[in-house]
Structure formats: C-alpha cells, structure tokens
Amino acid sequence: MNRDQLAAFLRSRRDRITPLEVGLPAGERRRAPGLRRQEVAQLAGMSVDYYIRLEQGRGPHPSRQVLNALARALMLSQDERAHLFHLAGQPPDRPARRGDVPGPIRHLIGYLEEVPAYVLDAAYNVLAWNPLGEALLGDLAGLPPHRRNIIRRVFAAQDMADLLGDEDRSAFARVSVADLRAAAGRYPDDPEIQALVAEMLALSPEFAELWHLHEVGVRRSQRKRVTHPVVGTIDLVCQMLPVPDREDLHLVLYTAEPGSPAHRALRELRELTLSS
1 MNRDQLAAFL RSRRDRITPL EVGLPAGERR RAPGLRRQEV AQLAGMSVDY YIRLEQGRGP
61 HPSRQVLNAL ARALMLSQDE RAHLFHLAGQ PPDRPARRGD VPGPIRHLIG YLEEVPAYVL
121 DAAYNVLAWN PLGEALLGDL AGLPPHRRNI IRRVFAAQDM ADLLGDEDRS AFARVSVADL
181 RAAAGRYPDD PEIQALVAEM LALSPEFAEL WHLHEVGVRR SQRKRVTHPV VGTIDLVCQM
241 LPVPDREDLH LVLYTAEPGS PAHRALRELR ELTLSS
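Following UniProt numbering, the numbering of the sequence shown begins with 1 at its first residue and continues without gaps.
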C-alpha cells in the first residue's frame with residue numbers, strides 16, 4: 001500500500017468535484033470549489049476521522065468495501081477506480097462476465113470486410129462474427145450455441161484438424177489450453193468454464209494431458225496455416241485483442257500481408273461470400 005500516493009490521489013479527486021455534481025448545496029465560505037472531507041465521508045458512508053486519516057497518509061489498509069464506496073463518492077472512472085485499488089494494495093474487482101457483445105464491437109467487425117473477425121469470450125464461445133469470419137471457420141450460424149465453442153471444436157470434433165492440419169492444430173490446442181487455464185484462474189467461480197473443463201477432461205485424453213501440464217499463457221498472436229476447402233491454403237496471423245472495459249472478451253482477427261497469396265485468397269473468399 002502506497003499511503004502517500006493514495007492520500008494525494010484522494011485529495012486530487014475530491015478537489016475536482018463540485019457539491020452540485022453530487023447533489024449537495026454549494027453553501028458559502030468555501031475556500032475551494034471541491035468537496036469538503038466531511039462531505040466525501042458522508043457520501044461514502046464512513047466516519048470523517050477515518051477519511052481524514054486516509055488523506056493524511058496515516059490510515060489503515062482500506063477494505064474493498066471502503067474502496068468501492070470511495071470510488072462511488074468521488075465519481076471515479078473505471079481506470080481511476082482500478083488505480084485507487086492498486087494504490088491501496090488491492091487487485092481491482094474484475095467485471096462480471098456477460099454474454100453480450102458491446103454494440104460498437106459488433107459494428108467494428110462488420111466494417112472489416114477483408115479481415116475474418118469474431119468475438120470470443122473467456123470460455124472460448126464465439127459470440128459474434130463477420131461474414132468472412134464465418135466463411136473461414138465454417139457455418140457458425142447453423143450451429144447450436146454450445147457448438148460455437150473453439151475448445152470443443154479442437155478436442156471433440158474433426159473440423160479444426162481439417163482446417164489447420166495436424167501440426168498447427170496441435171500447437172493451437174496447447175496454447176488454447178494454457179489460455180483456458182489462465183481464464184480459469186481469473187474466473188475461479190465461473191460455472192461455464194468449470195463445466196467446459198470437466199467435459200473436456202471426460203471426453204478428451206489429449207485435453208486431459210495438456211491440462212495436467214498446468215501451463216498458463218494468455219493468447220495474443222499466433223501464425224496459422226489454414227486449409228480452406230474452397231480457396232486452399234492460407235497463411236495468416238491470428239491476433240487476440242482485448243475488448244476495452246470487457247476483459248472477458250477478445251476480438252480475434254486473421255490478417256495477411258497486403259498483396260500476398262494469403263491476402264488474395266481472403267479477397268477470393270470474400271467474393272464468394274458476397275455471391276452466395
């Protein structure tokens with residue numbers, strides 16, 4: 001816990017908020033436009049003495065409940081709130097996982113006409129995709145939701161082996177399991193991840209062997225050689241980009257060097273999707 005930095009941060013956030021912004025009367029004889037210490041304490045539901053000690057750098061370690069109350073009282077943004085928790089020596093609360101995909105992300109993947117794209121959650125469910133992403137991965141819309149899961153397609157179906165080939169599929173399987181274990185650590189109480197791991201342990205000796213290696217690694221970028229049934233072999237770079245403010249979601253993009261055979265193959269695949 002960095003008491004001095006925490007104290008300075010609290011003072012700076014208090015000074016920027018006017019009473020009217022939090023529904024308090026402005027009153028008279030204010031030496032500064034910001035809130036008074038007792039007003040912050042009142043808004044956060046704590047004693048004035050406790051808050052004063054925090055601002056003076058001599059307070060105890062605040063609990064998560066206290067930090068959440070301060071974040072609300074001081075109208076902190078998500079980034080500021082995370083910073084407050086870090087200064088207090090506490091990891092920020094992780095946002096709850098939700099099945100929805102933010103509208104701007106759906107719009108974005110729709111605009112990417114020459115880039116296969118889809119949105120993946122922490123349990124490896126494909127939640128949204130663009131036409132080129134579906135053309136690359138196969139008929140996603142025609143699958144029931146539980147089958148739109150990359151882990152199940154890797155370990156319990158043949159289609160990923162057909163798409164990637166044995167060597168690339170094995171490498172992808174290993175990094176995917178390491179990434180799933182990292183997600184299980186981030187969300188230890190997530191029933192969907194727990195159920196997926198239990199299912200794969202029962203169904204796939206390969207998954208069980210990789211899972212018991214206890215490898216942990218967040219997927220970010222990986223080269224893939226995809227064998228498409230119509231346009232043939234395509235050498236692509238798979239990028240995993242975190243969705244802002246939704247760490248349970250990733251935007252997955254398949255890119256190719258402009259003018260390369262892979263780029264031409266993607267354009268051909270796009271033309272096929274437009275004509276179908």
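Each residue gets a CB set at the ideal place from its N, CA and C atoms; glycine is no exception.
- Message: If I measure Cβ to Cβ from residue 17 and keep anything under 7 Å in the same chain, skipping five residues before and after, which residues do I get?
- Response: Locating residue 17 in the sequence shown gives position 17, counting from the first residue. So the list reads 34, 35, 74 and 75, once near-sequence residues are dropped.
- Message: Distance check for residue 115 and residue 239, CA to CA, integer angstroms please.
- Response: On the sequence shown, position 239 is the one that residue 239 refers to. On the sequence shown, position 115 is the one that residue 115 refers to. When rounded, the distance between both Cα atoms is 11 Å.
- Message: Please state the DSSP three-state secondary structure of residue 50.
- Response: Within the sequence shown, residue 50 is the residue found at index 50, counting from 1. Of the three classes helix, strand and coil, the one that applies to residue 50 here is helix, per DSSP.
- Message: For residue 91, would you say it is in contact with chain B, using Cβ-to-Cβ distances shorter than 8 Å as the test?
- Response: Checking the listed chains, one finds no chain B in this structure; it contains a single protein chain.
- Query: Do residue 226 and residue 213 have their C-beta atoms within less than 8 Å of each other?
  - Reply: Within the sequence shown, numbered from 1, the residue matching residue 226 stands at position 226. Within the sequence shown, numbered from 1, the residue matching residue 213 stands at position 213. No, the pair does not count as a contact, with Cβ atoms beyond the cut-off.
- Under the three-state DSSP convention, the category residue 139 falls into: Taking the first residue of the sequence shown as position 1, residue 139 is located at position 139. Note: residue 139 maps to coil in three-state DSSP.
- Which runs of the alpha helix (DSSP H), 4 residues or longer, sit entirely within the region 187–233? 191–203 and 205–211
- Item | Option in 50, 243, 173 and 52 with minimal Cα separation from residue 105 | Start at 1 with the first residue of the sequence shown, and residue 105 comes out as number 105. Checked all of 50, 243, 173 and 52; the closest Cα to residue 105 is 243.
- Item | residue 111 - containing alpha helix (DSSP H), residue span | Within the sequence shown, the letter at position 111 stands for residue 111. Residue 111 -> alpha helix (DSSP H) spans 103–111.
- With DSSP run on the structure shown, which of helix, strand or coil describes residue 244? Against the sequence shown, residue 244 aligns to sequence position 244. Residue state, collapsed to three classes: coil.
- Message: Pull the bridge partners of residue 149 from the DSSP assignment, please.
- Response: Locating residue 149 in the sequence shown gives position 149, where the first residue counts as 1. Paired residues: 125.
- May I ask which residues mark the beginning and end of the alpha helix (DSSP H) holding residue 68? Counting from one through the sequence shown, the residue named residue 68 turns up at place 68. First-last of the alpha helix (DSSP H) with residue 68: 64–73.
- Ordered along the chain, which non-local residues of its own chain (more than five positions away) have a Cβ less than 6 Å from that of residue 135? If you number the sequence shown from 1, residue 135 lands on position 135. Once the five neighbours on either side are set aside, the close Cβ partners of residue 135 are 269 and 273.
- For residue 125, count neighbouring Cβ atoms within 10 angstroms of its own Cβ and tell me buried if that reaches 16, exposed if not. Here the question's residue 125 lines up with position 125 in the sequence shown. Result: buried.
- Query: Where does residue 197 land, buried or exposed, given buried means 16+ other C-beta within 10 angstroms?
  - Reply: Numbered from its first residue, the sequence shown carries residue 197 at position 197. Classification for residue 197: buried.
- Item | Pairwise C-alpha distance: residue 44 and residue 251 | Here residue 251 corresponds to residue number 251 of the sequence shown, with the count starting at 1. Here residue 44 corresponds to residue number 44 of the sequence shown, with the count starting at 1. Computed Cα separation, rounded: 37 Å.
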